[in-house]
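Asker: So for the sequence shown, UniProt numbering puts the first residue at 1; every next one is plus one. Every residue, glycine too, gets a C-beta built ideally from N, C-alpha and C. Sharing a structure, written as structure tokens. Questions coming.
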Amino acid sequence: MTRYALATISVDGGAKTAAMVLGDKVATLDRLVAAQGNTAIAPGTTLMALLEDWGGLLPELDAIAAGAEATNGIDWHAADAVHYHPPAEPRQIFCTGANYRTHVVHLTIDTNSGPQGLEGDELREWAEKMMDDRLANGDPYVFTKPFSSIAGANDTLVLPKVTTKPDWELELAVVIGKEAYQVSVEDAMDCVAGYAMVNDVSARDLIPRTDYKLLGSDWLRGKGMIGFLPFGPYIVPAAFIPDPYDLGIRLSVEGQLMQNETTGDMMFDIARQIEYITRYARLMPGDIICTGSPAGNGTHYNRFLRDGDLMVGEIDGLGAQRIRCVAEGA
């Protein structure tokens, strides 16, 4: 089977259009469909429309990819010479928090948020035991982000004036390919269309509610601001990611490697996340689940995003993001 990815692109400032990425080149889906005489995919079909009928159209996409190299009349573009928009427009964005063991242990130590009097190795051991107990006896911890937080993989990130601690969280995202409600763990992976990369940008100083501490965390202001979820550059069908728990995740800021972990540190796996979410909510085609951040965030280094910073994020097989940070009003 020919490996490919699906994107929403524009070329030279033109209109947004669905596209197929093969290796280091990309072509619009409309041109590929027309050149191959495919009648199952209508002209102007968006990536969201493909996801709405993923089971029916996936074989068509596989066939288009298989014949692409031998098809004449295709305007190929270099994959790094087009603008990548968010590949899809999900109705719902779910995020699984505190889902990487090392990340949570680091946060516990860095913020000294364990029992009073514990520090050093004792605090680490306490945090590790808490994570083990939670995985054995608990459930995923899921919140949502607004649609307005979505941005493209190479869009500028505006750092809002209201936060002094904007932080990064490069994560694996699951893209849903069919409606799902009250799905079992055993059937959960059948809902997955593919995988993508997201950066769950966070305002660390705005997550705790200091006006009334019993309220706990404020995810709207802490993670929901405009542009706080760069998504893409593309979606890779699930068949081409045979083991989503063996993917390297790397993020650098101004050339300094900050995150360098793997999805193998994920605690609640994707099937358990889907099962948990669909106990209470209905997943729809195109929805995404951000599966949690591995270790290496700004809180750990006491180094947060600044005006002019360049973030470069990569996940094995899922492309790269290059995001320039600009202070609001600069």
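Counting Cβ pairs closer than 8 Å, one from the stretch 316-327 and one from the stretch 158-175, do we hit at least three?
Answerer: Short answer: they touch.
Asker: Starting from Arg279, follow the alpha helix (DSSP H) in both directions and report where the run begins and ends.
Answerer: Where Arg279 is concerned, the enclosing alpha helix (DSSP H) stretches over 270-280.
Asker: Does the Cβ of Pro90 have 16 or more other Cβ atoms within 10 Å, making it buried, or fewer, making it exposed?
Answerer: Pro90 is buried by the Cβ-count criterion.
Asker: So who's on the other strand from His106, going by DSSP bridges?
Answerer: Note: His106 sits in no beta bridge, so no partner.
Asker: Runs of 3 residues minimum, wholly inside the stretch 48-132: which ones carry the beta strand (DSSP E) assignment?
Answerer: Counting whole runs of 3 or more residues, the stretch 48-132 contains the beta strand (DSSP E) stretches 83-85, 93-97.
Asker: For Ala40, collect the residues of the same chain with a Cβ closer than 7 Å to its Cβ; drop the 5 residues on either side in sequence, then sort them by chain order.
Answerer: For Ala40, where only same-chain residues beyond five positions count, the Cβ hits under 7 Å are Leu57, Glu60.
Asker: One question on the structure: do Asp200 and Arg209 come within less than 8 Å of each other, judged by their Cβ atoms?
Answerer: Their beta carbons are not under 8 Å apart, which means Asp200 does not touch Arg209 by this criterion.
Asker: Quick one, which of Gly138, Lys165, Glu169 has its alpha-carbon nearest Asn260's?
Answerer: Ranking Gly138, Lys165, Glu169 by Cα distance to Asn260 puts Glu169 first.
Asker: May I have a chain-ordered list of the beta strand (DSSP E) segments no shorter than 3 residues that lie completely inside the stretch 173-221?
Answerer: List check, beta strand (DSSP E) in window: 192-199.
Asker: Relative to the C-alpha of Cys290, which residue among Gly97, His103, Met1 is closest?
Answerer: Minimum Cα distance to Cys290 is reached at Gly97.
Asker: So, for Ile150: in the same chain, excluding its five sequence neighbours on each side, which residues have a beta-carbon less than 6 Å away from its beta-carbon?
Answerer: Closer than 6 Å at Cβ, skipping near neighbours: Pro86, Leu229, Phe231.
Asker: I'd like to check one pair, Ile274 with Ala188: are the Cβ atoms closer than 8 Å?
Answerer: Yes, Cβ-Cβ distance for Ala188 and Ile274 is below 8 Å.
Asker: Measuring only from the beta carbon, is Leu123 closer than 7 Å to any heavy atom that is part of the ligand SAH?
Answerer: The ligand content of the structure shown is nil, which means the ligand SAH is not present either.
Asker: So, Ala27 versus Ala18, is the Cβ gap smaller than 8 Å?
Answerer: Contact: no.
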